[in-house]
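Note that the protein sequences, when read in sequence, are chains Z and S.
Reminder that position 57 of the first sequence reads as 72 in our numbering, one-by-one numbering, no gaps.
Reminder that position 273 of the second sequence reads as 278 in our numbering, one-by-one numbering, no gaps.
Contents: one structure, followed by commentary.
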Amino acid sequence: MSREPTVTPTSYTKKHMTLLNVNGLSTEFETDEGTVNAVQNVDLEVGEGETLGVVGESGSGKSVTALSIMNLVDSPGEITDGEVLFKGRDLVAEDEQSLQDIWGNEIGMIFQDPSNALNPVYTVGEQISETLRAHNFCGEDIGRLEQSFLELIVPRRDSKKRNPKSWDRAVDLLEATGIPDPEERAEEFPHQYSGGMKQRAAIAQAIACEPDLVIADEPTTALDVTIESQILDLLDDLQQNMGMGMILITHDLAVVSEVCDRVAVMYAGQIVENGTRDQIFNDPKHPYTQSLIRSIPEIDRKKSIQVTEGQVPNLIDMPDECYFAPRCEYAHEACYVQNPRMYNDEHNDDAQDATSHEARCVLYDPENPHDVPNVEDIQPQVDSPAPPVDGVSEERGS
Amino acid sequence: MSDPVIETRDLKKHFPVQTGLIEQLLTRNKQWVKAVDGVDLEIYPQEIFGLVGESGSGKSTLGMVLLQLLEPTAGEVYFQGERIDDNTEDEMRELRKEMQIIFQDPASSLNPRRRIRDIVRRPLEVHDLYESTEKRNERVDQLIQEVQLNEDHLDRFPHELSGGQQQRVAIARALSVEPNLIVADEAVSALDVNVQAQILNLLEEIKQKYDLTILFIAHDLSLVRQISDRVGVMYLGELMEVGTDDEVFDQYQHPYTNALLESVPKISDNLNERAVIEGEVPSPINPPSGCKFRTRCPLASEECASEFEAREFSATHSVNCIKRSKAEHGGSKTLVKEYSGSR
């Protein structure tokens, strides 16, 4: 049985210069029970205009990775090792003052819950224009008074009059993110927005200063499917138009398959597999990635969902072995000797691939060959999508 | 077909909109949130009925009204042939042995100060089942194994368990009184995919074992597809389409069902190829007249604003859309073509 590819193969070529290069990033949290190694030795790379998807279950360290990249980890957490090279600057080593210039300006961030990301006591337009003024984007800045200890008594509700350029740009941004009647809506408070519109406003704020990189942490998880597809479309469009790099953090593999160029799969604080979208979905290597893909319920047909028993381990005092081994059906002695390194995919003979496909699994150790799990075994259910979807895509193509 | 376990006729649940005192004095007409607005639903023995819809569509309210946890504004609810919406509290308490609910967030539905054993034993005490505490404890031991936990878990507190384990405890508690009907209100939405799959399998298993009827409320269509025998699609308090799972997912007729299915992210799909419906769910305070989906519907025309009856496509398949009649559209998958230009 030859296996149909799950995602349309597109030749991935590394198009642009590297924007973000994360090397050996590790973050620890000191707790009463012990040290939690939330992020261990993570390597990531994002090119200009490229979308990197980071997937994993809850507790796998996705969000802490994002915060560590921003150098936003707070006590009791601490970045213990590694570097984050953003356009040649190491964000881990920068002081707070220079980071202030980068946050919201060169790197924008979108969070899962838009109601928490927006300030309830200021109008939406006010908040977006404040972001613009904080980085002096339209030639207007935050006044001395506002910066001083008097900030609490300085009225901040008349940005429309005092800083018309920033205000106008805020309105334009709201329009660009698809909010109807942006001029009136800019003067409303977040609670007057629906969930989907709040997320649009949060996106408007994140992209206000035309950042080079946007980190979106579960941006659609709190939203309904119809709104989710609208927001994904919006992010995709904005990214195409503005040429931003994007890191999309999500637990939803289907979302990743739709918008990402490259994918990193995280488990227990480590990256266990790293490759292009095609490699991950059509030829998953690591048993964990395979189990993730298997456990997704599908809408086009009924199938019995295969389950990997057990849970993500507690990240305190992890033993020096493969972290997935206790749940892995291919586990054997070699898995318990030490935590495996990343192995390159040697079986990949596609010369077009500019990046390698790596998996943190001893099955791919070239010096110690094993029977590699058969991909056909793990995905017997793959066939073409249901007819209704096809009908649409054909007509759309014409 | 056998008699339904639970049945509703033109069921409505309207909530009053809270306004300030001055506004109350000045305006006469009170506003209502029409959370459930005329639902006719039958759920048959030993089936899993999946109820899907966006947030605010009234799925959870419907589940609560079915169990009489909320009093309906109008309409009738029948449980095993008997009308229950005019029951007194005492009569309901007796009946609750037969109907149980599992909530979305297990952490907040389990008492944090009680050990798991006490939590699972509590319904047995409330309903005075089994003679002695020892007998009840035996039953608890048995239940905890049925949900694939072990006896070590019984002496722990809820916060010592993971989300999936907590949800298993909630299932054990619901099972303890051997009910006929379980309402699972977003029971797996808060869990990771892998754990979701584990809990779904568990639900299937206990359904077989206890001859249960389950109302499975979820916003995730692919989950509903996996587990349901019949499916209802809800929008702004009304059922838009009801049918067997193949009828709703493969031979769907309602444009809203189509839109929902299109929006689901799929691995075998490409973002740029799918139809996205515009706009958001209108406010349930003043919903559109006639078809409630018409404000977002690509097929909508003037006739949609008038009242109409749901149409039967087969004995099990009913569609609430004026544009669909069996004569023109019966049983085919022709709908999607009209839909393609909507982006």
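Glycine residues also receive a C-beta, built at the ideal position from the N, C-alpha and C atoms.
All figures in this text were calculated on a predicted structure; none of them were measured in a lab.
Could you check whether the Cβ of residue i sits closer than 8 Å to any Cβ belonging to chain Z?
i         : result
Asp234(S) : no
Val193(S) : no
Gly169(S) : yes
Val22(S)  : no
Ile272(S) : yes
Asp190(S) : no
Phe254(S) : yes
Ala40(S)  : no
Gln258(S) : no
His158(S) : no
Glu285(S) : yes
Ser60(S)  : yes
Determine the direct distance from the alpha carbon of residue j to that of residue i, and round the result to whole angstroms.
i         : j         : result
Tyr338(Z) : Pro328(Z) : 8 Å
Gln294(Z) : Lys300(Z) : 9 Å
Asn92(S)  : Ile11(S)  : 15 Å
Glu98(Z)  : Ser41(Z)  : 9 Å
Gln220(Z) : Tyr358(Z) : 40 Å
Cys224(Z) : Asp15(S)  : 53 Å
Gln207(Z) : Asp45(S)  : 33 Å
Pro163(S) : Leu34(Z)  : 45 Å
Arg299(S) : Met239(S) : 14 Å
Arg375(Z) : Tyr303(Z) : 10 Å
Gln153(S) : Ser310(Z) : 19 Å
Arg177(Z) : Asn289(Z) : 49 Å
Arg173(S) : Gly49(Z)  : 28 Å
Ile117(Z) : Gly237(S) : 49 Å
Taking the beta strand (DSSP E) that residue i belongs to, which residues open and close that run?
i         : result
Phe11(Z)  : Past the boundaries of the shown model lies residue 11(Z); chain Z is included only from 16 to 413, so the question cannot be answered.
Trp182(Z) : No beta strand (DSSP E) holds Trp182(Z); the alpha helix (DSSP H) holding it covers Pro179 to Ala191.
Ile219(S) : Thr218 to Ala223
Glu357(S) : In the structure as shown, chain S starts at 6 and stops at 348, and residue 357(S) therefore has no counterpart that could be examined.
Lys213(Z) : Lys213(Z) -> not in any beta strand (DSSP E); alpha helix (DSSP H) instead, spanning Gly210 to Ala221.
Phe111(S) : Residue identity differs from the one stated: residue 111(S) is Pro in this sequence, not Phe. No beta strand (DSSP E) holds Pro111(S); the alpha helix (DSSP H) holding it covers Pro111 to Ser114.
Glu98(Z)  : Gly92 to Phe101
Arg14(S)  : Ile11 to Pro21
Gly55(S)  : Ile53 to Val57
Val236(S) : Arg235 to Tyr240
So which residues on chain S does residue i lean against when the C-beta distance must stay under 7 Å?
i         : result
Phe44(Z)  : Neighbours of Phe44(Z) on chain S: none; closest Cβ ~18 Å, over 7 Å.
Asp293(Z) : Correct list: empty, because the minimum Cβ distance to chain S is about 12 Å.
Phe296(Z) : Ile272
Ile34(Z)  : The displayed chain sequence assigns Leu, not Ile, to residue 34(Z). Chain S residues near Leu34(Z): none, gap ~22 Å exceeds 7 Å.
Ala269(Z) : Pro270, Lys271 and Ile272
For chain S, check one thing: does any of its Cβ atoms lie closer than 8 Å to the Cβ of residue i?
i         : result
Ser73(Z)  : yes
Ser272(Z) : yes
Gln285(Z) : no
His266(Z) : yes
Gln326(Z) : yes
Ser78(Z)  : no
Ser310(Z) : yes
Along the chain, where does the alpha helix (DSSP H) containing residue i start, and where does it finish?
i         : result
Ile176(S) : Gly168 to Leu180
Met69(S)  : Lys64 to Leu71
Asp146(S) : Thr138 to Glu151
Tyr215(S) : Val198 to Tyr215
Phe254(S) : Asp250 to Phe254
Ile308(Z) : Pro302 to Arg309
Met97(S)  : Glu94 to Leu100
Thr241(Z) : Val240 to Met257
Val271(Z) : Leu268 to Val274
Glu348(Z) : From DSSP, Glu348(Z) is part of no alpha helix (DSSP H); its letter is neither H nor E.
Glu145(Z) : Val139 to Ala149
Asp123(S) : Ile121 to Val131
In chain Z, which residues lie less than 8 Å from residue i when you measure between Cβ atoms?
i         : result
Pro128(S) : Neighbours of Pro128(S) on chain Z: none; closest Cβ ~27 Å, over 8 Å.
Ala264(S) : Thr241
Give me the chain S residues within the contact set of residue i, using Cβ-Cβ distance strictly less than 8 Å, ordered along the chain.
i         : result
Val322(Z) : Asn199, Ala202, Gln203 and Asn206
Gly14(Z)  : Nothing in the structure corresponds to residue 14(Z), since chain Z is present only between 16 and 413.
Leu307(Z) : Val198 and Asn199
Show which residues of chain Z have a CB atom less than 9 Å away from the CB atom of residue i.
i         : result
Ile282(S) : Thr241, Ser244 and Gln245
Starting from residue i, find everything on chain S with Cβ-Cβ shorter than 9 Å and list it in chain order.
i         : result
Glu313(Z) : Ser227, Arg230, Gln231, Lys271, Ile272 and Ser273
Please list the partners that residue i has in chain Z, where partner means a Cβ-to-Cβ separation under 7 Å.
i         : result
Ser113(S) : Ordered by position in chain Z, no residue passes the 7 Å Cβ test against Ser113(S), which lies about 17 Å from the chain.
Can you find at least 3 beta carbon pairs, one from the segment 52 to 61 of chain Z and one from the segment 277 to 294 of chain Z, that sit closer than 8 Å?
They touch, by the three-pair rule.
Would you call the segment 191 to 199 of chain S and the segment 79 to 95 of chain S in contact, with 3 or more CB pairs under 8 Å?
no
Would the segment 110 to 125 of chain S and the segment 166 to 179 of chain S be scored as touching if the rule is three or more Cβ pairs under 8 Å?
yes
Counting pairs of beta carbons, one from the segment 69 to 80 of chain S and one from the segment 52 to 61 of chain S, are three or more of them closer than 8 Å?
No, the segment 69 to 80 of chain S does not touch the segment 52 to 61 of chain S.
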